[in-house]
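K.L.:
Shown below is the structure under consideration.
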Amino acid sequence: MLSGGVPLELRHCRDLVKVDLSRNSLHGQVPSDLKELKNLQFLSLDGNNFSGEIPSRLGQLRSLKFLNFSSNSLSGEVPIDLVALRNHTVLLLHNNKLSEEIPAAPVSSLLVVNVSSVTSATSRVNPSPQHTELFAASSTSTSKRVLAEENPGTPPDNSSSGRGLKTEEIAAIAAASVVIVILFVVVIMYLCTRKSTRRLSRRSFRRREVKVFDNVDIGVPLTYETVVRATGNFNASNCIGNGGFGATYRAEIAPGVLVAIKRLAIGKQHGDKEFHAEVKTLGNCRHPNLVTLLGCHISDSEMFLIYNYLPGGNLERFIQERTKRPISWRRLHKIALDVARALAYMHDECVPRILHRDVKPNNILLDNECNAYLSDFGLARLLRNSETHATTDVAGTFGYVAPEYAMTCRVSDKADVYSYGVVLLELISDKKALDPSFSPYGNGFNIVTWAVKLIQRGRVREFFIEGLWDKAPHDDLVEFLNLAVQCTGESLSSRPTMKHVVRRLRELRPPSY
Numbered sequence: 030m031l032s033g034g035v036p037l038e039l040r041h042c043r044d045l046v047k048v049d050l051s052r053n054s055l056h057g058q059v060p061s062d063l064k065e066l067k068n069l070q071f072l073s074l075d076g077n078n079f080s081g082e083i084p085s086r087l088g089q090l091r092s093l094k095f096l097n098f099s100s101n102s103l104s105g106e107v108p109i110d111l112v113a114l115r116n117h118t119v120l121l122l123h124n125n126k127l128s129e130e131i132p133a134a135p136v137s138s139l140l141v142v143n144v145s146s147v148t149s150a151t152s153r154v155n156p157s158p159q160h161t162e163l164f165a166a167s168s169t170s171t172s173k174r175v176l177a178e179e180n181p182g183t184p185p186d187n188s189s190s191g192r193g194l195k196t197e198e199i200a201a202i203a204a205a206s207v208v209i210v211i212l213f214v215v216v217i218m219y220l221c222t223r224k225s226t227r228r229l230s231r232r233s234f235r236r237r238e239v240k241v242f243d244n245v246d247i248g249v250p251l252t253y254e255t256v257v258r259a260t261g262n263f264n265a266s267n268c269i270g271n272g273g274f275g276a277t278y279r280a281e282i283a284p285g286v287l288v289a290i291k292r293l294a295i296g297k298q299h300g301d302k303e304f305h306a307e308v309k310t311l312g313n314c315r316h317p318n319l320v321t322l323l324g325c326h327i328s329d330s331e332m333f334l335i336y337n338y339l340p341g342g343n344l345e346r347f348i349q350e351r352t353k354r355p356i357s358w359r360r361l362h363k364i365a366l367d368v369a370r371a372l373a374y375m376h377d378e379c380v381p382r383i384l385h386r387d388v389k390p391n392n393i394l395l396d397n398e399c400n401a402y403l404s405d406f407g408l409a410r411l412l413r414n415s416e417t418h419a420t421t422d423v424a425g426t427f428g429y430v431a432p433e434y435a436m437t438c439r440v441s442d443k444a445d446v447y448s449y450g451v452v453l454l455e456l457i458s459d460k461k462a463l464d465p466s467f468s469p470y471g472n473g474f475n476i477v478t479w480a481v482k483l484i485q486r487g488r489v490r491e492f493f494i495e496g497l498w499d500k501a502p503h504d505d506l507v508e509f510l511n512l513a514v515q516c517t518g519e520s521l522s523s524r525p526t527m528k529h530v531v532r533r534l535r536e537l538r539p540p541s542y
């Protein structure tokens, strides 16, 4: 049970809608500071020991609907401002020492009023001529008198030998009340059913809706039905890639109009608004070397992202099949520079900044001219709250994940720099990040340690893919290798920023660009 006065700190809770401190041992005066609770609709202080007058400033509570100060020791007049509140419908002040005269207000919404004292059986009332009021005037709150609309100053009719309403009149009033309540319930049920039907209809529409981002026009409309139909209902024959975040499908929306659909392998999202905000952020990212996010579909049972389609496959396939084509230093350098530009944009120009967290050859796509585009950016952050996320807490792929990120799960832009450095090493050598040929060296030996070992022994030529050493200036190749190794340094401070990497690569640009 609470004692003392009403806490002064209560006035700072501006968003309170209901305050119920009834039946405690609170005392003192009712604080006028309660007027600061502008959203208050329900205020009950009954059954305490409050004294003094009711603050007239409580008439500033414009949202107030219910006020109960009964069973206290309040005295003085009933403030007219309380009676005149537009939304105020219930005013219970009985069992106090108040004047039992209700001030006449030009406009009042009060339906239930009780200002009777314990010892008094009547109260003087000056009702508004525009309203009908229900007034409790006896010593108990259960005895009520109905006042019909009448001329100002006309007292209630207390005929019938002082015995109140006749039995027939009470029965008629009760029957009418029951009918009114039933009609009211029926109307409410109808309105709720109608609203629920509309809500379900809107939800059904949203379940089939495809959100297309601003400034996106591929020449044909993107709808849920056309996307699903174009993928053959996500048939495996149209699947062009699989990853930790889901499968990617080729979809021909119309003749000659191709898009890529990333179907997210996730469950229910925690924080639907946040998820939509993240998708919108990704949709606003525009850079020549980022895959363009065209639109998305988000529902409880299905989520997919729509990207522009790139026919050249990914860098992993390019590396695997490069023995089938002539070695081109210019092409390798261009791919490295394109990816560096995309990462520098994400780290330094996006608001908010975006960390990729899974840079690898499989997430670098190519067009027919071997221009490179970074894909799957932002998905690690986007899907971090999914119930059925397909990856572990550490987003990324083993062999490309920075050591400090794998150990602490603390992500930074330097983790992306490390992954990018591993990609550079794969780009100019015939080894994978965790090549099977490294197994004799034991655990922990990877393409980074192999590169460092060859540099230390002065055998850098052995690192490069066959034929590349004869296709480019040796100094440029060695500088490229050193830059890749620097990106994979153990210390975060030793790794360059992606902006610095872009500058270094431009200095190594082949003359035929």
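The numbering used here applies: residue 30 is where the sequence shown begins, and numbers increase by one.
For each residue, glycine too, the CB sits at the ideal point set by N, CA and C.
Cutting at 6 Å between CB atoms, please list the residues of its own chain near PHE95, excluding the five before and the five after it.
P.N.:
Taking the sequence shown and counting its residues from 1, one reaches residue 95 at position 66. Same-chain partners within the cutoff: PHE71 and VAL119.
K.L.:
Whole-angstrom Cβ separation of ALA462 and TYR429, contact assumed at under 8 Å?
P.N.:
As a position in the sequence shown, residue 462 is number 433, starting the count at 1. As a position in the sequence shown, residue 429 is number 400, starting the count at 1. Their Cβ separation, rounded to whole angstroms, is 6 Å, which keeps ALA462 and TYR429 in contact under 8 Å.
K.L.:
Here's a check: name, in chain order, each residue in its chain whose Cβ is nearer than 8 Å to the Cβ of VAL531, leaving out the five neighbours to either side.
P.N.:
The residue you call residue 531 lines up with position 502 of the sequence shown. Within the same chain, VAL531 has close Cβ partners LEU366, ALA369, ARG370 and ALA373.
K.L.:
Using C-beta distances below 6 Å, list every residue in its chain close to VAL477, excluding the 5 sequence neighbours before and after it, in chain order.
P.N.:
Locating residue 477 in the sequence shown gives position 448, counting from the first residue. Result list for VAL477: THR517, in chain order.
K.L.:
Output the distance between the C-alpha atoms of ALA401 and ASP459, rounded to the nearest integer angstrom.
P.N.:
In the sequence shown, residue 401 corresponds to position 372, counting from 1. In the sequence shown, residue 459 corresponds to position 430, counting from 1. Spanning the two alpha carbons is a distance of roughly 20 Å.
K.L.:
Can you tell me whether DSSP reads ARG538 as helix, strand or coil?
P.N.:
For the purposes of this step, residue 538 is identified with residue 509 of the sequence shown, where counting begins at 1. In this structure, ARG538 counts as coil in the three-state DSSP scheme.
K.L.:
Please confirm whether LEU339 and LEU322 have their CB atoms less than 7 Å apart.
P.N.:
Numbered from 1 along the sequence shown, position 310 holds the residue referred to as residue 339. Numbered from 1 along the sequence shown, position 293 holds the residue referred to as residue 322. Cβ atoms of LEU339 and LEU322: not closer than 7 Å.
K.L.:
Does the region 34 to 48 touch the region 62 to 80, meaning 3 or more C-beta pairs lie closer than 8 Å?
P.N.:
The answer is yes - the region 34 to 48 touches the region 62 to 80, with three or more Cβ pairs under 8 Å.
K.L.:
Work out the CA separation of ILE290 and HIS326 for me, nearest whole Å.
P.N.:
As a first step, residue 326 must be located in the sequence shown, where it is residue number 297. As a first step, residue 290 must be located in the sequence shown, where it is residue number 261. Roughly 10 Å separates the two Cα atoms.
K.L.:
Can you tell me where the beta strand (DSSP E) with GLU281 in it begins and where it stops?
P.N.:
Your numbering for residue 281 matches position 252 in the sequence shown. Where GLU281 is concerned, the enclosing beta strand (DSSP E) stretches over 275 to 283.
K.L.:
Tell me whether the region 352 to 362 and the region 376 to 386 touch, counting them as touching only if at least three CB pairs, one residue from each stretch, are closer than 8 Å.
P.N.:
Too few Cβ pairs lie closer than 8 Å, so no.
K.L.:
Quick one: what does DSSP say VAL119 is sitting in, helix, strand or coil?
P.N.:
Position 90 of the sequence shown, counted from the first residue, corresponds to residue 119. Three-state DSSP puts VAL119 in a strand.
K.L.:
Check whether the Cβ atoms of SER61 and ARG86 lie closer than 7 Å to each other.
P.N.:
The residue labelled residue 61 in the question sits at position 32 within the sequence shown. The residue labelled residue 86 in the question sits at position 57 within the sequence shown. Contact flag set, yes.
K.L.:
Inspect the CB distances between the region 503 to 516 and the region 439 to 457 and report whether three or more fall short of 8 Å.
P.N.:
A contact exists between the region 503 to 516 and the region 439 to 457.
K.L.:
Based on the DSSP output, what are the partners of CYS268 in its beta bridges?
P.N.:
Reading the sequence shown from its first residue, position 239 is the one you call residue 268. DSSP lists TYR278 as partners of CYS268.
K.L.:
For CYS516, which three-state DSSP category applies?
P.N.:
Walking along the sequence shown from the start, residue 516 turns up at place 487. CYS516: helix per DSSP, three-state reduction.
K.L.:
Leaving aside the five residues before and after ARG40 along the sequence, list all residues of the same chain whose C-beta is less than 6 Å from its C-beta, in chain order.
P.N.:
As a working mapping, residue 40 is identified with position 11 in the sequence shown. Taken in chain order, the residues that qualify are ASP62 and GLU65.
K.L.:
Grab the span of the beta strand (DSSP E) containing VAL142 for me, first residue to last.
P.N.:
Position 113 of the sequence shown, counting from 1, holds the residue named residue 142. Run containing VAL142: 141 to 143, per the beta strand (DSSP E) assignment.
K.L.:
Assign MET332 to one of three DSSP states: helix, strand, or coil.
P.N.:
Position 303 of the sequence shown, counted from the start, is the residue given in the question as residue 332. Residue state, collapsed to three classes: strand.
K.L.:
Taking the CB atoms as reference points, tell me whether SER404 and LEU394 lie closer together than 7 Å.
P.N.:
Locating residue 404 in the sequence shown gives position 375, counting from the first residue. Locating residue 394 in the sequence shown gives position 365, counting from the first residue. The answer is yes: Cβ separation under 7 Å.
K.L.:
Taking 6 Å as the limit between beta carbons, can you name the residues of its chain near GLU82, skipping five residues before and five after?
P.N.:
By 1-based counting over the sequence shown, the position of residue 82 is 53. Answer for GLU82: GLY105, listed in chain order.
K.L.:
In angstroms, rounded to a whole number, what distance separates the CA positions of CYS314 and HIS376?
P.N.:
For the purposes of this step, residue 314 is identified with residue 285 of the sequence shown, where counting begins at 1. For the purposes of this step, residue 376 is identified with residue 347 of the sequence shown, where counting begins at 1. Each residue's alpha carbon lies about 12 Å from the other.
K.L.:
Tell me the rounded alpha-carbon separation between GLU307 and GLU491.
P.N.:
In the sequence shown, counting from the first residue as 1, residue 307 sits at position 278. In the sequence shown, counting from the first residue as 1, residue 491 sits at position 462. For GLU307 and GLU491, the distance between alpha carbons rounds to 45 Å.
K.L.:
Which value, in whole angstroms, describes the spacing of the CA atoms of PHE347 and GLY407?
P.N.:
In the sequence shown, the residue the question calls residue 347 occupies position 318. In the sequence shown, the residue the question calls residue 407 occupies position 378. Distance between the alpha carbons of PHE347 and GLY407 is about 24 Å.
K.L.:
What are the start and end residues of each continuous alpha helix (DSSP H) run of 4 or more residues lying completely inside the region 425 to 502, in chain order?
P.N.:
432 to 437, 442 to 457 and 476 to 485, all fully within the region 425 to 502.
K.L.:
At 3 residues or longer, and completely inside the region 36 to 113: list those beta strand (DSSP E) runs for me, N to C.
P.N.:
List check, beta strand (DSSP E) in window: 47 to 49, 54 to 58, 71 to 73, 78 to 81, 95 to 97 and 102 to 105.
K.L.:
To the nearest angstrom, how far is it from the Cα of PRO132 to the Cα of ALA113?
P.N.:
Translated into the one-based positions of the sequence shown, residue 132 becomes position 103. Translated into the one-based positions of the sequence shown, residue 113 becomes position 84. In a straight line, the C-alpha of PRO132 is about 9 Å away from that of ALA113.
K.L.:
To the nearest angstrom, how far is it from the Cα of PHE98 to the Cα of LEU37?
P.N.:
In the sequence shown, counting from the first residue as 1, residue 98 sits at position 69. In the sequence shown, counting from the first residue as 1, residue 37 sits at position 8. Approximately 18 Å, taken between the alpha carbons.
K.L.:
Please determine, among GLY341, GLY270 and ALA444, the residue with the shortest C-alpha to C-alpha distance to PRO525.
P.N.:
Counting from one through the sequence shown, the residue named residue 525 turns up at place 496. When each option's Cα is compared against that of PRO525, the closest is ALA444.
K.L.:
Rounded to a whole number of angstroms, what is the C-alpha to C-alpha distance between GLU455 and CYS42?
P.N.:
Here residue 455 corresponds to residue number 426 of the sequence shown, with the count starting at 1. Here residue 42 corresponds to residue number 13 of the sequence shown, with the count starting at 1. Spanning the two alpha carbons is a distance of roughly 60 Å.
K.L.:
Given a cut-off of 7 Å, decide if ARG237 and TYR253 are closer than it, judged by their beta-carbon atoms.
P.N.:
As a first step, residue 253 is located in the sequence shown; it is residue number 224 there, counting from the start. As a first step, residue 237 is located in the sequence shown; it is residue number 208 there, counting from the start. A contact, by the Cβ cut-off of 7 Å.
K.L.:
Report the three-state DSSP secondary structure of HIS316 (helix, strand or coil).
P.N.:
The residue given as residue 316 occupies position 287 in the sequence shown. Coil at HIS316, not helix or strand.
K.L.:
I need the straight-line Cα distance from GLY275 to ARG439, nearest angstrom please.
P.N.:
Taking the first residue of the sequence shown as 1, we reach residue 275 at position 246. Taking the first residue of the sequence shown as 1, we reach residue 439 at position 410. Between GLY275 and ARG439, the C-alpha separation is close to 24 Å.
K.L.:
In its own chain, which residues sit with a C-beta less than 7 Å from the C-beta of ARG153, not counting the 5 before and 5 after it?
P.N.:
Translated into positions along the sequence shown, residue 153 becomes position 124. Caution applies to ARG153, whose pLDDT of 41 falls short of 50 and renders its modelled position unreliable; the value that the coordinates give is listed next. Cβ within range, chain order: GLU129 and GLU130.
K.L.:
Relative to the C-alpha of ASN337, which residue among HIS529, ILE364, ASN262 and GLY248 is closest?
P.N.:
If you number the sequence shown from 1, residue 337 lands on position 308. Cα-wise, what sits closest to ASN337 is GLY248.
K.L.:
Ordered along the chain, which non-local residues of its own chain (more than five positions away) have a Cβ less than 7 Å from that of PRO84?
P.N.:
Counting from one through the sequence shown, the residue named residue 84 turns up at place 55. For PRO84, where only same-chain residues beyond five positions count, the Cβ hits under 7 Å are VAL59 and SER61.
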